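Each residue of the sequence shown is one higher than the last, beginning at 1 in my numbering.
The structure appears below as structure tokens.
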Amino acid sequence: MSAFTGQILIESLYLKTTKRRPSYQDIARDTYGKLGHRFTYGIVAVNLFGCAVLYIILSATLIDAMVRDFTAASEPIHVYVIGCTLFVWACLIFTKTMKEVALLSVLGSLATFAVVCIAIGVSAEMALHHASRVPVMHKLVDWTKLPLSLATISFAYG
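Now the structure itself:
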């Protein structure tokens, strides 16, 4: 789906004009007029802002959930929100070239690999040593985790 919409976007950028249209808003202006330009500008702005906010809230919530179980004095969640915000801000400010973006992508891939390895290791350790002590619970749906799971899915695939 992404490849197809990307192909349509590239075709729309150069369609029947001598100059390149630099943004979604210019395509919408040529297609739907001034109202289309304003509508598309609003949608793109909400999407860009919402994606960053969703990432910050999601990562702060997950960090808080991880740290809360292992520390005696848990920090309030706004501390983690501020930390995640500063991390995103620093990445946006200090990445100037594609080389730096590629380096961040490699670091992100390595971090994902490390998280998967840690999750597998902890799961194996729990299965071997704590299987008899872990209470068995069966829930069809855990409604308290629904907003977090929807945020994760929409951030990953949206």
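Note that CB positions come from ideal geometry on N, CA and C, so glycine has one too.
The structure displayed is predicted, hence computed values, not measured ones.
Drop a sphere of 10 angstroms on the beta-carbon of residue i, count the other beta-carbons inside from all chains shown, and report buried for 16 or more, exposed for fewer.
| i | result |
| --- | --- |
| Ala114 | exposed |
| Cys117 | exposed |
| Thr40 | buried |
| Ala28 | buried |
Would residue i count as contacting chain C if we go by Cβ distances under 8 angstroms?
| i | result |
| --- | --- |
| Val79 | Of the protein chains in this structure there is only one, and it is not chain C. |
If you draw a straight line from the alpha carbon of residue i to that of residue j, how long is it in whole angstroms?
| i | j | result |
| --- | --- | --- |
| Thr71 | Ile63 | 12 angstroms |
| Ser123 | Leu150 | 24 angstroms |
| Ile10 | Ser154 | 25 angstroms |
| Thr112 | Pro76 | 26 angstroms |
| Val81 | Cys51 | 15 angstroms |
| Gly108 | Gly42 | 30 angstroms |
| Thr61 | Arg21 | 39 angstroms |
| Leu92 | Cys84 | 12 angstroms |
| His78 | Leu48 | 22 angstroms |
| Ala119 | Lys145 | 19 angstroms |
| Val44 | Met66 | 33 angstroms |
| Asp142 | Leu35 | 43 angstroms |
| Leu140 | Lys99 | 46 angstroms |
Starting from residue i and walking both ways along the alpha helix (DSSP H), at which residues does that stretch end?
| i | result |
| --- | --- |
| Trp89 | 77 to 94 |
| Lys34 | 24 to 68 |
| Lys145 | From DSSP, Lys145 is part of no alpha helix (DSSP H); its letter is neither H nor E. |
| Thr97 | First-last for Thr97: undefined, no H or E at that position. |
Is residue i helix, strand or coil by DSSP?
| i | result |
| --- | --- |
| Met137 | coil |
| Thr18 | coil |
| Ser74 | coil |
Whose C-alpha, out of the options, is nearest the C-alpha of residue i?
| i | options | result |
| --- | --- | --- |
| Asp30 | Leu15, Ser74, Met126 | Leu15 |
| Arg38 | Tyr24, Phe49, Leu48 | Tyr24 |
| Leu148 | Ile56, Phe49, Lys19, Phe4 | Ile56 |
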